[in-house]
Amino acid sequence: MNVIFVDAENVGQQAIQDIDTRITDKVFVFTNNEQIKSLCHDLMFIAMSGYPVGKNQADFYIIGHLCKALSQVHFDEKKKITFCLHSNDNSLCQAFEFQCQLASIQSTIVNDNPPQMNNSEPHQYTVAELNNVAKIYKVLKQKAMQPSALFKATNIDEKEGAKLLNILFKKELIARSHNNKKIWTVVAELKPELFA
426 MNVIFVDAEN VGQQAIQDID TRITDKVFVF TNNEQIKSLC HDLMFIAMSG YPVGKNQADF
486 YIIGHLCKAL SQVHFDEKKK ITFCLHSNDN SLCQAFEFQC QLASIQSTIV NDNPPQMNNS
546 EPHQYTVAEL NNVAKIYKVL KQKAMQPSAL FKATNIDEKE GAKLLNILFK KELIARSHNN
606 KKIWTVVAEL KPELFA
């Protein structure tokens, strides 16, 4: 089964008409446009509207509904369901993919405007960042724990700690526990070359 989210403000009416769906799929179209709402009615899609007009308001609404939907997926359904986003907004696509990864649910992105790969230098980590990454990793390796307890144990503030957890997650060194999604646990060996 697919749960499809459509950023209608970004992809337009034709892209909505071109979506290939099965009767078991759920399609949520995010729009405040009356013509697109009418099209959704004809296609048996669910029009999601009522969010404020302004920069990124639809994006916030989409991610809010995504998080709510992800939280309602039962453990035994996780392998049978795919969340899909139709959008050309690269930042929204990245946020959507990240939330699905956190929930351990498969996602697909339909984006006609993928980000251009540039040859810029990889992120240069400061000595302080590397020390704090190592500190968090070391504590998590001894015992899986929730972020609040982890930040207290390492004496790292919440904002910086969240950034460091994200770095470790992207490097596939840590993951959320299968038993409790609030708890982080080490899943791979920390090697210096990952941060070179």
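Quick note: the sequence shown uses our numbering, first residue 426, plus one each step.
Ideal Cβ placement from N, Cα and C applies to all residues, glycine included.
{"Query": "Could you tell me which residues DSSP pairs with Ile429 in its beta bridges?", "Result": "Val452, Cys509"}
{"Query": "Of all the CB atoms in chain D, is at least one closer than 8 Å to the CB of Leu598?", "Result": "Structure shown: chain D not included; a single protein chain is present."}
{"Query": "Might you give, ordered along the chain, the residues of its own chain that have their beta carbon closer than 6 Å to the beta carbon of Glu434, omitting 5 neighbours on each side?", "Result": "Ala483"}
{"Query": "Can you give the beta carbon distance from Thr507 to Ser474, rounded, assuming they're within the 8 Å contact cut?", "Result": "With 8 Å as the limit, Thr507 and Ser474 do not qualify as a contact, their Cβ atoms being about 25 Å apart."}
{"Query": "Mind checking Val558: buried by the 16 CB within 10 Å criterion, or exposed?", "Result": "buried"}
{"Query": "Would the beta-carbon of Ser474 be found less than 7 Å away from any heavy atom of the ligand HEM?", "Result": "Although the ligand HEM was asked about, the structure shown includes no ligands whatsoever."}
{"Query": "To the nearest angstrom, how far is the alpha carbon of Phe620 from that of Asp443?", "Result": "43 Å"}
{"Query": "Who are the Cβ neighbours of Ser602 in its own chain at under 8 Å, not counting the five residues just before and after it?", "Result": "Ala569, Ile608, Trp609, Thr610"}
{"Query": "So is Val452 buried or exposed if we call it buried at 16+ other beta carbons inside 10 Å?", "Result": "buried"}
{"Query": "Is Ile530 closer than 8 Å to Val498 when the C-beta atoms are compared?", "Result": "yes"}
{"Query": "In angstroms with no decimal places, state the Cα-to-Cα distance between Gln524 and Gln439.", "Result": "27 Å"}
{"Query": "Applying the 10 Å Cβ sphere with the 16-neighbour rule, what's the burial state of Asn544?", "Result": "Summary for Asn544: the model assigns pLDDT 47, below 50, so the residue's position carries little reliability; its value from the coordinates is reported in the next sentence. The residue is exposed, with fewer than 16 neighbouring Cβ atoms inside 10 Å."}
{"Query": "Starting from Gln531, trace the beta strand (DSSP E) in both directions and tell me its first and last residue.", "Result": "531-535"}
{"Query": "Are Ala528 and Ile488 touching if we call contact CB-CB under 8 Å?", "Result": "no"}
{"Query": "Considering only C-alpha positions, which residue in the set Ser516, Asn427, Lys596 is nearest to Lys505?", "Result": "Asn427"}
{"Query": "So for Ile406, helix, strand or coil by DSSP?", "Result": "Since the first and last residues shown for the chain are 426 and 621, residue 406 lies out of range."}
{"Query": "Do His511 and Val431 come within 8 Å of each other at the CB atom, strictly closer than that value?", "Result": "yes"}
{"Query": "When the Cα of Gln571 is compared with those of Asn513, Asn604, Val454, which residue comes out closest?", "Result": "Asn604"}
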